[in-house]
Ligand SMILES: [Zn+2]
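In C-alpha cells:
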C-alpha cells in the first residue's frame with residue numbers, strides 16, 4: 190500500500206489516480222448537501238438540507254416548510270458543512286425536467302405546439318408538482334361552450350384574467366378529447382376537463398377553493414384565446430406553455446434534448 194500525496198516520482202502517478210478513484214462514491218448515491226434555493230417572487234434564496242438527491246445548480250426542487258408545494262431552483266450547492274438537521278427544512282423532491290422537442294409558435298405570453306412530441310401531461314406533472322397523495326370527492330364539473338365561459342364571482346374572474354396575463358397558466362394540453370392544465374398559484378394546481386364538439390365539460394381544479402376558482406377562469410380564458418383568437422382546433426390537439434417557463438427551461442440546455 191502506498192501513501193497518497195508524498196511520492197511524486199512519475200512511476201507512481203497512475204497509482205494515485207486509481208486509489209483516488211476507489212474513494213469516489215458511485216454517482217447514483219445521493220450526496221448530502223446544503224443548497225440555496227430560489228423561488229419566483231421571493232426576494233432572497235433560502236437554505237435547505239438535502240440528503241436524498243444529487244443536486245446541482247439549476248436543478249428544480251420541492252422543499253418542506255413554508256414554501257412547500259412551490260417549485261424552486263437550486264442557486265448554490267455546499268457539500269462541506271456541519272449542521273443539526275433539525276434546524277433545517279429539507280429538499281423533499283427533485284422535479285424531473287422534460288425534453289422540449291417539436292415546433293413551437295410564440296403567441297402573446299405563450300408558446301404553442303401542435304405536434305405529438307410536445308411534453309405530455311404526465312411529464313409536466315412530474316416536473317411541476319410534488320407527489321400528491323390526497324384523495325378527492327368530485328361533484329358536477331363545469332360545462333360551457335368553447336369561446337364562452339362560466340358564471341363565477343367578479344373578483345374571481347378578475348384574478349383569473351390577471352393570472353393569464355401574468356403567464357401563470359404554465360401548461361395547457363388538449364389531446365384525444367382530454368384537457369389537462371397546470372396553473373401556478375400558492376402551489377401548482379391541476380385542472381382537468383373534457384373537450385367534445387366545441388363543448389368543455391367535467392372541468393375541475395384540485396385547489397382547496399373547490400368551486401369555480403380563478404385557476405378555472407385562467408384556463409378557460411387561455412383556451413378561448415387559443416381556439417377563438419388564434420384558431421387552434423381542440424379536436425386536433427395542441428399544447429401550450431408559458432413563454433417565461435419555456436425559456437427558463439431552454440436555459441438548461443445541458444439537460445435538454447432539442
Ligand atoms: Zn383552483
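Residue numbers (the numbering used here): 190 to 447. Every residue, glycine too, gets a C-beta built ideally from N, C-alpha and C.
On the DSSP bridge assignment, give the partners of residue i in chain order.
i, result
"residue 151", "Outside the shown range of the chain, which is 190 to 447, sits residue 151, and nothing can be said about it."
"residue 441", "Bridge partners of residue 441: none, in fact."
"residue 351", "Residue 351 is not bridged to any residue."
"residue 314", "Paired residue(s): none; residue 314 is not in a bridge."
"residue 263", "226"
"residue 361", "370 and 429"
"residue 381", "369 and 393"
"residue 337", "335"
"residue 326", "None, per the DSSP bridge assignment."
"residue 250", "261 and 283"
"residue 295", "300"
Using only the alpha-carbon positions, how far apart do residue i and residue j sit?
i, j, result
"residue 229", "residue 252", "14 Å"
"residue 425", "residue 437", "28 Å"
"residue 382", "residue 241", "35 Å"
"residue 440", "residue 290", "14 Å"
"residue 446", "residue 288", "Note that residue 446 has pLDDT 40, beneath the 50 cutoff, so the model's placement of it is unreliable and the number below is only indicative. Rounded to whole angstroms, residue 446 to residue 288 spans 6 Å at the Cα level."
"residue 277", "residue 238", "6 Å"
"residue 235", "residue 266", "12 Å"
"residue 355", "residue 268", "37 Å"
"residue 246", "residue 315", "19 Å"
"residue 399", "residue 271", "44 Å"
"residue 254", "residue 279", "8 Å"
"residue 321", "residue 379", "11 Å"
"residue 211", "residue 368", "Its pLDDT being 43, under 50, residue 211 is placed unreliably in this model, and the value from its coordinates should be taken loosely. Each residue's alpha carbon lies about 51 Å from the other."
"residue 226", "residue 348", "28 Å"
"residue 295", "residue 362", "16 Å"
"residue 392", "residue 366", "12 Å"
"residue 331", "residue 341", "11 Å"
"residue 257", "residue 305", "33 Å"
I want to check one thing, is the minimum distance from the CB of residue i to the heavy atoms of ligand 1 below 8 Å?
i, result
"residue 145", "Within the shown structure, residues of the chain are numbered from 190 to 447, placing residue 145 beyond reach of any answer."
"residue 405", "yes"
"residue 237", "no"
"residue 380", "yes"
"residue 421", "no"
"residue 343", "no"
"residue 377", "no"
"residue 395", "yes"
"residue 402", "yes"
"residue 277", "no"
"residue 325", "no"
"residue 398", "yes"
For a quick check, are the C-beta atoms of residue i and residue j less than 9 Å apart?
i, j, result
"residue 364", "residue 428", "yes"
"residue 260", "residue 353", "no"
"residue 319", "residue 281", "yes"
"residue 385", "residue 394", "no"
"residue 409", "residue 298", "no"
"residue 286", "residue 360", "no"
"residue 413", "residue 335", "yes"
"residue 338", "residue 406", "yes"
"residue 303", "residue 292", "yes"
"residue 402", "residue 345", "yes"
"residue 389", "residue 313", "no"
"residue 283", "residue 248", "yes"
Quick one: is residue i near chain C, going by C-beta distance under 9 Å?
i, result
"residue 319", "Going by chain labels, chain C is absent from the structure shown, which holds only one protein chain."
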